[in-house]
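Residue numbers (the working numbering), protein chains in the order written: chain W, 1 to 764; chain L, 1001 to 1295; chain Y, 2001 to 2170.
Beta carbons: idealized from backbone N, C-alpha and C, even for Gly.
Fair warning: this is a prediction, and the values are worked out from it, not measured in the lab.
Accompanying notes for the structure given below.
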Amino acid sequence: MGEVGKKQVRVDGYDKATGRTKYYEDLMPRDALYARIKHSEIAHGYVKSVDTSAAEAIDGVVKVLTCFDVPDIPFPTAGHPWSMDPGHQDVADRLLLNRHVRYYGDDVAVVIAENEVAAMQGVRALKVEYEELPFVLDVQKAMEEGAPQLHEAYPGNILKHTDMRKGDYAAAITEEGLIKVEGWYDTPSVQHCHIENFGCFAYEENGRVTVVSSTQIPHIIRRVVGQALGRPWANIRIIKPYIGGGFGNKQDALYEPLCAWCSTQVGGRCVRVDCSREETFVSNRVRHAIRFHIVSWVRPDGTMAARKVECFSNQGSYASHGHSIVAKAMGSFAQIYPCDHMECDAWTVFTNRPTAGAMRGYGMPQASFANEANIDDIAKALNIDPLALREKIIMPKGFRDAFSQNENYEDSFRQCLEKGKAYIDYDRKVAEFAKDTGPIRRGIGVAAFWYNTGVYPISLETSSNRMLLNLDGTVTMQCGETEIGQGADTAYAQMTADVVGLKSYRDVNVVSCQDTDITPTGLGAYASRQTYMAGFSIRQTGELLKKKILEYACEVTRQTVGNMDIVDGNIVRKPDGRVLMSLSELAMTAQYNPVHSEHITAESTYTIRNNAYSFGCTFVEVEVDVPMCKVMLKDIVNVHDCGQLINPALAEAQVHGGMSMAIGYGMGEQLLFDEKTGKPLNNNLLDYKLSTIMDHPHLEAQFVENFEPTSPFGTKALGEPPACSGAPAIRNAILNATGVSIDQNPMNPHILFKRFAEEGLLAD
Amino acid sequence: MYDMLALYEATSVADAIALRLEHPEAQIIAGGTDVLVQMREGKRAGKALISIQKLDEMRGVTIDEEENIRIGSLTSFTHITSDPIIQKYINVLGEAVDMVGGPQIRNAGTIGGNTCNGVTSADSASTLHAWEAMVEITGKNGVRRIPIRDFYIKAGQVDLKVEEGEIQTAILIPKASYDRTYGHYIKYAMRNAMDIATLGTSVNARLSADGKTFERVRIAFGVAGPVPMRATNAEAFINGKEVTLANIEEFGRKVLEDINPRDSWRASKAFRSHIAVESAKRCLIESVKLAGGEL
Amino acid sequence: MAKNQYKLVTCTINGREVEKMVDVRASLTDMLRNDFSLTSVKKGCEVGECGACNVLIDGECFNSCLYLAVWAEGKNITTLEGLTGPNGELSDIQQAFIDETAIQCGFCTPGFIMTAVEILNRGVEYSDDELRKLLSGHLCRCTGYENIFKAVKKTMLRRLGKLDDPYLNT
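See the structure below:
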C-alpha cells in the first residue's frame, strides 16, 4: 500500500502540539538589537527633515537611520522568480526608507536600540517635518486628470494596462433579442492576518549577511536583499524557520532588506525587526481592492452572446506584485464562462493606500465575486435558476486554453456543482425558502471559481530536490518549496516514501527549515504550486536515489539493477519478492565499505512546463434577519476538483481555512481609511472583523477526485482555490433570500442597512 | 515590555488611596485589559501605574444588610456571570458581561474597570444604568455612593476625585431595583465574539401581578450617546400601559426621542438609530416573556 | 529618568516553584518567554485580541500579554509545555489536535489548547454553541476552526465516556 492518498497525521504535529516548534522569534539571539520603524503620518508628501536628536539622547538608543541615509538603490519586492529578460522583471520602485512618502504608514526612519522600550521611545521622539501633497485613495479617482501623482515613471498613476479582445464585441451585441445585464462590483482591501506577524533578524558572519525571516520564499528573498544592499546575491544567506502562516503576505520581501541593511550599519551586530499587528495591517501587504464593470449580453436561454469586462485594480503605493494579480483576474472571465465575443481591459493603478501584493487567490476572490454576482444577476433578469444557468454555460469538458495548454479533462465543474447541490439539498430548500416573507428570510447561494496551478507559462516553474539515504534506512529530503503551515512537508514525505519504496512516510525526514546556503534552490510557497511542482522533482530525485541504491546493492547482492526493487524499506528480488537486505544494511555497508565507501545521495532539478486547472464551487445557506440587517450562515460547503488527494485529512483542513477566509471576505473584513487624512482606521484585530469561531457554521469540504494527467501524483492546486468562491456564494444567498443584490463586499450590516433601506425592506 | 514609568502595587484599599494621593498623575490599573492596551498603543506610554490587581477584598458578589446586591469592583466578568446571586436576581447582567470580548478577556476584565473607563460601549454599563446601580467610591474621607448615571461625567471621564484619593470599590444594585424585575440585553456587534458593541440595549420590566400592565420598564443604551444613557421618554410612554405588541412597537419608536448616536466610521447615526428601535422592541418582548407576561 | 524597577516574583510554573527578579514593565508573556524559555507562549497582537499568548493562571485562562509579570506572584501558571509528560507523553487534548488535523501553522495552537484544558477540566458536557463560545477568544487563520472544534468536542465526549462513535463527524 502506498502512502499517497492516505489520511496521515502531520509530520510536524507532535512538535506543534507541544509548543516546541521554533518560529523566528524563538530563535532570537540574546544580543539582538531592536529596530523599530518610524512610519509616515501623512498619506502623501516629502520628508523635509527628521530631527533625531531627542531620540539619540534616549538611554539605550544605539543608532537612528533615516530616509536621508539609505543607499540610492531601487529594488523590487515581489516574490516572483527572477527573469533573465529585463522586460519581464518586477518593477524596482522601492528604497529602504523613503523621502517621498506615498501612504500613511510608509517607512521614514528606523531607531535601533538595545531594548524594546528604548526603541519605541526613540520612534516617538523623532520629529519629522513633511511637505504635504494631495493624496488619492480611490482607484478611478487616481486615473483622473489632475489626480495626485505617485511615481514619476508612471504618469496617470497607471502601473500597467492590458487588454484581451476576442471575436467582435461591437457586432455581437447587435444580435436581436439580447438582454443586457450590467453591474459594477467592488471588492475591498483586506489583509492576510496570519497569526504570527512578520518579523526577522539579521547579522553578519564572515563578511556575509544572514537573515532569519518569517518568509514563504527564502531563495527569492536572498536575491531581493542582495539587490537592495548592492551585494552579490550569494553574499546573502536566508534562513526560514517554521512560520506562523503567510497567505501571500510573506511572498514578498517585507523588512528583510531593511533589517539586513540595519545590521550592516551597526557593524554587523544582530538586529531584529518585529512588526506589530498594527504595522502588519498597513506596512506589509494587502489584497488588491479591484472594482469591476461587467456588461453581459445574453440570450433568453441564458447563453452568452458578448461580454465586456473592465477591471480597476488598486495597487496602493508601490508596485510589489503589481499587474499580475488583475491580469489573472481578467484572464479568468474568458475561461469559466466561455464567450465568443469579449472585450476585456485591466488597469493597475497606484493610490496612496498600503501596498497590495499577493494574497491567497491572487485576483480570483475578487474576480469570482464580480463574475458570480453578475451570473446571478443574469439569472435573475432571465428568471432562470442560477444553478441551472451555471450548469448550462460553465466551461465544458474538453475546453482547452491556448495559452497555458490547460485542458478540462473531465467535466469538473458540473461534477462539483452536482455534489454541492446534493449536500445542500438545493431544490427542496430553494422551493421552501421562497415562501419566507417575514423578518427572517432564508436563502441558498451558489458560486463557482476558476483556478490554475503555479505560474507557468507566465514565469519560471522549477523545483529542486535533495535526498540522502540515512544509515538507518530512512531518507532525508529537502526542497525549496517551503512548509508554511499548509502541510507541504507531510505531503512530500508521503510522495517520497512511495517513490523510493519506504515503508512509511515517517521514514522520510523532511528538512522543514530552509537555509539558502544548503537547501537546493526552489521558488517557495505560493501560487498553490508546492504539491504539484515539488511532485515533479520528488519523482525525479526519488527515482534517481532509488537507482543509486540499487546500483550499489548490485555490488552486494550480485543481482542486476533491473531484477531488484525497493519495497517497504527493503531491497527485494523482483521475481520472487525475496528480501535481500534492508535499506539500513545497504546504507551501512555502503558508507563503511573500506574499498568502495559511498554516501548515497541524489539531487536534481526539474523545470516544469505544465499547468493544470483546478475548479470548484461553494454552496451557502443563509438566514437573514432583515430588520437587524444581519446575515447568519447556516451551512456552507465547498467542493473541489484538485485532482488526486495526497492526504485527504490535510486537504480537507486546507479547504476549511480557505472557506473561513472567504467567509471573512464576504461578511466582515475590510481595511478602512480616513477620507480626510488617508489614515488607516481599523488596523487591529478588534476593529478588523476577522471571523471568530462563533461566526462560522460547520464547514463542509468535499472533493471530486479526477486524476490530473500532467501531474506525477495526479494532483493540482488546492492552496488558494478554497478562498475564491465563498464570498459570492454568500452574496447570491442573500439575493436569493431577500431579492436584494449587494454588489460590494464585505456584506456587513452597514451595507445591508443601506441596501435594505433603498429597496424598501425596512419599515422606518 | 511595556513603556511604563513606574509601577506602584497597592496592598489594600487604604494603601491604594494613599498611593493615589502620593502619585496623582498615575493611572489605576485593575484587570489590565484596557490600560495595558492603551499603553501598548502609545496613548498611555511612559505613564506610571497604580495596580489594584491584588486587592482580593474587592472581588466577589454578596447581598449586604440593606439587601443590595454588592459587586466588588474587581470581580471579573466570568465570576459575575457564574455567580449564583447574579443568576438569581439579575441574570441579564451576567449575560451582558458574558458578551465582553472573549473568555480570556472575561477572566481578566473587571466590572470596575468596565465602568471607570467611562466608555459608552462597555457591555456592563447599559445594564447597570437600566437597573439604576449605585457606585461605591472610597477615598481618604471614607465611602460615598452615587447613582451610576451621575458617575459618568462625559466620554472617558467618571466621578473619581484624584485629590480625594478615590477609587471605585463596588457596584450595588438596590433591592427596589431588582425585585420582581426581569431584563434582556442585546449586544449589537459586527461579529459574534471578540467585538465591541455597535449598540448595547438593556431593557428590564416589572409587570403588574396579573402580567397585563407594565408597572416599570427601564431601558438604557450604550453607544447611543457619548456616555451610556436611559431613554426616559420611551420609559414614560410605556409605564402603566397595557402589555401589547402595539405598545411595544410605539415604545421602540419613542427611543428616537431620547438617543443621540453619532456618525463615525464604526457606524452611522442612521444605522445606530434604526438598530436602537429594533433592539428596544426585541429586548422588551424578551423581558415580558421572562417576567411571565403574555403577548 | 527613573531607574528601572525590579521585583522578585515567586510563583509556580508548570508545577515547579520558581523565583525570578523581573522588570516591572514586563508582561507575563515576556517573563515566560524570555526568563523561562517557554516559547509556546506566542505573540500575535500583544493587545488581547488573538489569544496566542494564552496561559492558565490558577486554572483560568488569561492572555499573558495583558497580564503584568509581577502579578504572577503566588500564582500557579501552566503553559503548553506543562501538559507534556516527563517522557514526552501527550495529553489527550494534544493528541486530539494532532489526530483531528486541528494544527496547521501551529501558531495559535498553544493558546487554543490551553483554553481547551480549562474547558475540559470542568468536566461538563457543553452544547456545540456553548463550546464555540468558550473557544471564541482565539483567532486562527489556517483551520477555519473546524477541526479545532472537533478536537475539543471529541476530547470532551471521550472524557465523559460519551464518545461511542470513534469516527464522530461533527
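Taking G357 (chain W) as reference, the option from W:S320, W:G267, W:Y154 with the minimal CA-CA separation is W:S320. A straight line joining the alpha-carbon of A431 (chain W) with that of G443 (chain W) spans about 10 Å. Taking a 10 Å sphere around the C-beta of L1245 (chain L), we find fewer than 16 other C-beta atoms and assign the residue as exposed. In this structure the region 414-428 of chain W touches the region 384-391 of chain W; the number of beta carbon pairs closer than 8 Å is three or more. Closer than 9 Å at the C-beta level to chain Y, one finds these residues of the region 1091-1107 of chain L: D1098, G1101, G1102, P1103, Q1104, I1105, R1106, N1107. Inter-segment contact for the region 216-234 of chain W and the region 250-260 of chain W is present: three or more beta-carbon pairs are separated by less than 8 Å.
Counting the other Cβ atoms within 10 Å of the Cβ of R269 (chain W) gives 16 or more, which makes it buried. Beta-carbon to beta-carbon, A306 (chain W) and S332 (chain W) are separated by about 17 Å, too far to satisfy the 8 Å threshold. In this structure, T601 (chain W) and M467 (chain W) form a Cβ contact; the two beta carbons are roughly 7 Å apart against a cut-off of 8 Å. Going by C-alpha positions, R99 (chain W) is about 17 Å away from V123 (chain W). For I1275 (chain L), the closest Cβ of chain W is nearer than 9 Å. Sequence-distant partners of G167 (chain W) (beyond 5 residues in either direction) whose C-beta falls short of 7 Å from its own C-beta, in its chain, are D340, H341, M342.
For D274 (chain W), the enclosing beta strand (DSSP E) starts and ends at 271-274. Here DSSP, grouped into helix, strand and coil, assigns C416 (chain W) to helix.
Residue-level contact by beta carbon holds for G245 (chain W) and chain Y, with a gap shorter than 9 Å. With respect to chain W, the C-beta atom of Q2005 (chain Y) has no partner C-beta closer than 9 Å. The C-beta of M694 (chain W) comes closer than 9 Å to at least one C-beta of chain L. Straight through space, the alpha carbons of R1020 (chain L) and A662 (chain W) are spaced by roughly 50 Å. Residue environment: Q89 (chain W) is assigned as exposed (fewer than 16 neighbouring CB atoms within 10 Å of its CB, all protein chains considered).
A straight-line Cα-Cα distance of about 6 Å links R1253 (chain L) and V1277 (chain L).
Spanning the alpha carbons of E278 (chain W) and W297 (chain W) requires a straight line of approximately 45 Å. Among the bridge pairs identified by DSSP, E621 (chain W) is matched with W:I444, W:D635. Our two residues, G678 (chain W) and S283 (chain W), have alpha carbons roughly 14 Å apart in a direct line. Here F75 (chain W) carries a strand assignment [DSSP, helix/strand/coil]. Here the alpha carbons of F1237 (chain L) and G1211 (chain L) stand approximately 18 Å from one another. Here N1260 (chain L) has G1225 as same chain residues with Cβ atoms under 6 Å from its own Cβ, once five neighbours each way along the sequence are excluded. Under the DSSP assignment, A1006 (chain L) falls in the beta strand (DSSP E) whose first and last residues are 1004-1009. Counting along the chain, L1295 (chain L) sits inside no alpha helix (DSSP H), nor does DSSP assign it H or E at all. For the region 136-204 of chain W, the full-length beta strand (DSSP E) segments reaching 3 residues or more read 158-166, 179-186 along the chain. Taking the Cα positions, G616 (chain W) is about 28 Å away from G522 (chain W). Each residue's CA atom was taken as its position, placing A202 (chain W) and V212 (chain W) some 6 Å apart. Secondary structure of M120 (chain W) (DSSP, three-state): helix. Boundaries of the beta strand (DSSP E) harbouring A1170 (chain L): 1167-1173, taken from the DSSP string. Residue environment: A234 (chain W) is assigned as exposed (fewer than 16 neighbouring CB atoms within 10 Å of its CB, all protein chains considered). Per the Cβ contact rule, the region 2001-2018 of chain Y is in contact with the region 2074-2081 of chain Y (3 or more Cβ pairs under 8 Å).
Counting only residues of its own chain and dropping the five nearest sequence neighbours on each side, R539 (chain W) has a CB closer than 7 Å to the CB of V499, P712.
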